[in-house]
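Quick note, my numbering runs 17 ahead of the 1-based positions in the sequence shown.
To keep things clear, I will list the structure first and then write my remarks on it.
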Amino acid sequence: MEKIKIQDSDIVIGDPLAWPVFSVTGQLLLSEGYVLKTENQKKMLLSQDLYRNPTLEEEIEQQNTGFFTNKLPAICPFETLSSIKSILRSVVTDIYKNSKADHNQTILNLALIVQNLCREHVDPAMGALILDQDSPYIDLHPVLCGILTEILNKRRKIPEQDRIPFIAAALTQNIGMWHEQDILSTQTTPLTDKQRKVIIEHPYKSREIMKAANIDNKDWLDTIFFHHERIDGKGYPSGLVGDAIPESARILAIADIYSAMILPRQYRDGLYVKKALRDIFMQRGSTVDENITQLLIKEIGIYPPGAFVMLNNGEIAIVLKHNISQANCPIVLSVISPRGLPYEFPRKRDTEQEQIFAIEKVISRPENFKVDLNQIWAISSAK
């Protein structure tokens, strides 16, 4: 990661610095948030060469000559997610509008960053997406699908580099109905015949759009094209049955269904996560792959990060991470007392160890409850 030289225009008197400032030797000179108050301060500071870390967008550009690295952008996972969503929307919109720009490498870099995020911060990343009530569904859904796809393909022991196209497919799976999906995500009325036609045709259209954008990776294209096929042959566009459906598409199918169920929409909170998994579990062997369904439950548990639950003692808690040995007993963070008052200092609970901390039920997000992601997962990682 190469540092970026700071220009005069980068620093505004009276505004907090958006990044730490380093000397040419790498010594930290000013912390993020520092405010320069006078022109003399600014002039004195700029009398030497100053540098900052690149933003995620700039780091992606730096990596464009060779994206298979093991580097994670040196910023927090929540900033990383925000940048992924922003860049992905821009790239997909550009491709959808038939731009001639070559975005192949940028999407692969985004996929790599999602992979690194899963390696280092998978629970906070999933939790942040599930708790996000501000971003549009079309920004959240592909990223969560990318994370779930990476989790499942990794468990299937697919080599790391070979998993990148599958993440890329998850990020671009619905490009054929990009405009319509924005509308459908907030629609509360039944689908029109025209909308049904768009949905049925979008795997084909998505593949053709990606081909036109010079994407020629077969795994990427096939995963997009077949991810709405179903084990019983009642899917689309080809009506494939069972193992005739590529495994990567069967994995993305489950990621797609699960993500759609648990993410919040404008007209509803995220669907009760336990019901989402139960519905998928009931479909195993008929519409979705049974082995992959079992794998999903094993990898994320019954309650995913970011879900709100009520404990036996009356506390309201946020799920932090799943319990590897017990799918229905995650680690949680109690944020509201049995009396209904927010805890000044949230309390970490192991729902497996003590019965009073066992989960009684999943609940909707408490009204007007403010979430501080950095506080929640800083506490969750404390020993």
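We put the beta carbon where it would ideally sit given N, CA and C, even for glycine.
Looking at the DSSP output, M327 sits in a beta bridge with I333 and K378. Distances from the alpha-carbon of S354 to those of A344, G331, I217 and R180 put G331 closest. By the C-beta criterion, the region 181-196 is judged not to be in contact with the region 301-316, since fewer than 3 inter-stretch pairs fall below 8 Å. A residue is called buried once 16 or more other Cβ atoms fall within 10 Å of its Cβ, and D140 is buried on that count. The residue among F386, P322, M194 and A229 with its C-alpha nearest the C-alpha of D119 is A229. In the three-state reduction of the DSSP assignment, D273 falls in the helix class, which pools H, G and I. Here Q132 is buried: its Cβ has 16 or more other Cβ atoms, across all protein chains shown, within 10 Å. Per DSSP, the unbroken alpha helix (DSSP H) holding P159 starts and ends at Y154 to R172. Burial is judged here by how many other beta carbons sit within 10 angstroms of a residue's own beta carbon; Y51 has fewer than 16 and is exposed. The three-state reading of DSSP puts D367 in strand, counting E and B together. Separation of the CB atoms of I21 and I147 is rounded to 33 Å, and the pair is thereby denied contact status at 8 Å. By alpha-carbon distance to K292, the top candidate from I268, G318, L312 and I262 is G318. Distances from the alpha-carbon of G193 to those of E218, E177 and L201 put E218 closest. By the Cβ criterion, the region 255-265 is in contact with the region 222-240, since at least three pairs of Cβ atoms, one from each stretch, lie closer than 8 Å.
Y275 places its beta carbon 8 Å or farther from that of P254.
When secondary structure is reduced to three states using DSSP, N234 falls in the coil class, being assigned neither helix nor strand. Rounded to whole angstroms, the separation of the alpha carbons of S223 and N385 is 38 Å.
Non-local beta-carbon contacts of V349 in its own chain, meaning distances under 7 Å to residues more than five positions away in sequence, involve V326, A334, I335, V336, L337, R366 and T368 in chain order. Counting only residues of its own chain and dropping the five nearest sequence neighbours on each side, K378 has a CB closer than 6 Å to the CB of M327. Nearest neighbour of E361 by Cα position, chosen from I168, I393, K174 and L294, turns out to be I393. Contact between the region 310-317 and the region 161-174 is established, with three or more Cβ pairs separated by less than 8 Å.
Following the DSSP letters along the chain, one finds L257 in no alpha helix (DSSP H), marked with neither H nor E. Straight through space, the alpha carbons of I130 and T55 are spaced by roughly 39 Å. With contacts defined by Cβ atoms closer than 8 Å, D199 and I155 form a contacting pair. Contact between P182 and D236 holds: their C-beta atoms lie close to 4 Å from each other, under 8 Å. The alpha-carbon of M227 is positioned some 47 Å away from that of K59.
Around the beta-carbon of T42, fewer than 16 other beta-carbon atoms lie within 10 Å, marking it exposed.
Taking I380 as the centre and dropping the five residues before and after it, the same chain places the C-beta of F325 and M327 closer than 6 Å to its C-beta, in chain order. Per the coordinates, the alpha-carbon of L62 lies some 27 Å from the alpha-carbon of C93. A Cβ-Cβ separation of about 16 Å leaves L67 out of contact with I30 under the 8 Å criterion. Contact check for I184 against A128 passes: the beta carbons are separated by less than 8 Å.
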